[in-house]
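Protein sequence lines, in the order shown, are assigned to chains X and H. In case it helps, our numbering puts the first sequence at residues 1 to 196. In case it helps, our numbering puts the second sequence at residues 1001 to 1124. Below is one structure, written out as structure tokens, with a few remarks after it.
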Amino acid sequence: MKGQIFILVSIMIVIALILLRISTRAPVEQYQMTFPDNYFNLQREFVHTIDLSLINKESALDIKDNVEEFADFSRRVMITKGYTEKVIYSFNYNGTKVVIGNFLGDDLKDINITLITASWSKSQLVPELLDGKSVLRTFDPFFGWYIVKVESNLKNFSYAGYFGEYETMTQYFDINLSNRDMMINDILTNNKTITW
Amino acid sequence: MKGFIQTLEASIGAILILMIVVLLYSYQPTVPETQLLQVGYNCLDNLDNVGYLSYYALYDVTELENKIEECLPPITDFKIKVCDTEECNTTTPANKTVVLASYLISGYNATQPSLINLWVWSEI
């Protein structure tokens, strides 16, 4: 009889253990992407937006509309992730280059300001020099080559995963403050103006 | 004889408890969440690098799911959704730690901004 009581108690303890295990399960959490992941995704798609427009031989006004359409969508997406996004851009150099700058700020830290400039060559199949430095990148195997120059004041981020195959890219990452300010001023001056 | 049976019953009870404790609290290796997130993001990023992500996302989501399944480790499960608004949610397992890798695309043949959300969790 004593043994049966022991088994009964054992079963109750087992049930208690199972209930305890269920109640102590880790709460469901959703881990979000990091700032650099979001940022590089964003800047690449801005580049892609203009790429598509150029490939489709759209007018400057249509390019502007496309950029604004993507900017509006990405801004709303970034807000849901806790980021503020500001996009300013200019089309200039008589159609030989398109310059776009976008800023993605982190509300929580309020220090991450980044400037990206991307330049498209008119003849997209020929590698060219930019400021004496050649940076070549394939965007799409079907569309050929274009030149993209990326500059950033972000620190402590690993670029290797994104641009590892373009070693010359690294020389652009040591941008100093005066250069950055100069570029920001340039874009602000030409904000949303089109010379085509 | 009676004492022997009582000892046997007590032993059965003790073994039962021991087995359950081992079963419930044994070490289960899991994939760290940050690593899982990076794997999920890399899968999307790699597809984008080879030029397929936008096409699959906009025209062939089933193939996109197949590619993601091939890319993710076999111990993981996932859900993927392509949305044209910032509201892009789905239901995920209540008792799992879920990571969310999201990816913006601008379009394939023309500008068509979309958001790809990939939820990944470990099955063990």
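Just so it is clear, CB atoms sit at the ideal spot from N, CA and C, and this is done for glycine as well.
Of the residues L1058(H), D1048(H), I1012(H), P1073(H), the one whose Cα lies closest to the Cα of C1083(H) is L1058(H). DSSP places V1098(H) inside the beta strand (DSSP E), whose first and last residues are 1098-1107. The Cβ-Cβ distance between W1119(H) and K1079(H) falls below 8 Å. For I1080(H), the enclosing beta strand (DSSP E) begins and ends at 1076-1083. C-alpha of T1090(H) to C-alpha of F1004(H): approximately 58 Å in a straight line. By the criterion of a C-beta distance shorter than 8 Å, F70(X) is surrounded in its chain by E45, F46, T49, once the five residues flanking it on both sides are discounted. Taking C-beta separations shorter than 6 Å and ignoring five residues to either side along the sequence, the partners of Y1108(H) in its chain run S1054, Y1055, L1058, following chain order.
Under the Cβ distance rule, M33(X) counts among the residues neighbouring chain H, one pair being separated by less than 8 Å.
Contact annotation: V1050(H) and P1073(H) have beta-carbon atoms that are not nearer than 8 Å. Contacts with chain H at 8 Å (Cβ-Cβ) do not include L61(X). In the three-state reduction of the DSSP assignment, T1090(H) falls in the coil class. Chain-ordered, the chain H residues with CB closer than 7 Å to the CB of T80(X) read E1086. Rounded to whole angstroms, S74(X) and D65(X) show a C-alpha spacing of 14 Å. For the set E1069(H), E1086(H), E1063(H), the Cα lying nearest the Cα of C1043(H) is the one of E1069(H). Rounded to whole angstroms, A1110(H) and N56(X) show a C-alpha spacing of 8 Å. Taking all protein chains in view, the Cβ of V1099(H) is crowded by 16 or more other Cβ atoms within 10 Å, so the residue is classified as buried. Under the three-state reduction of DSSP output, I1116(H) falls in the strand class.
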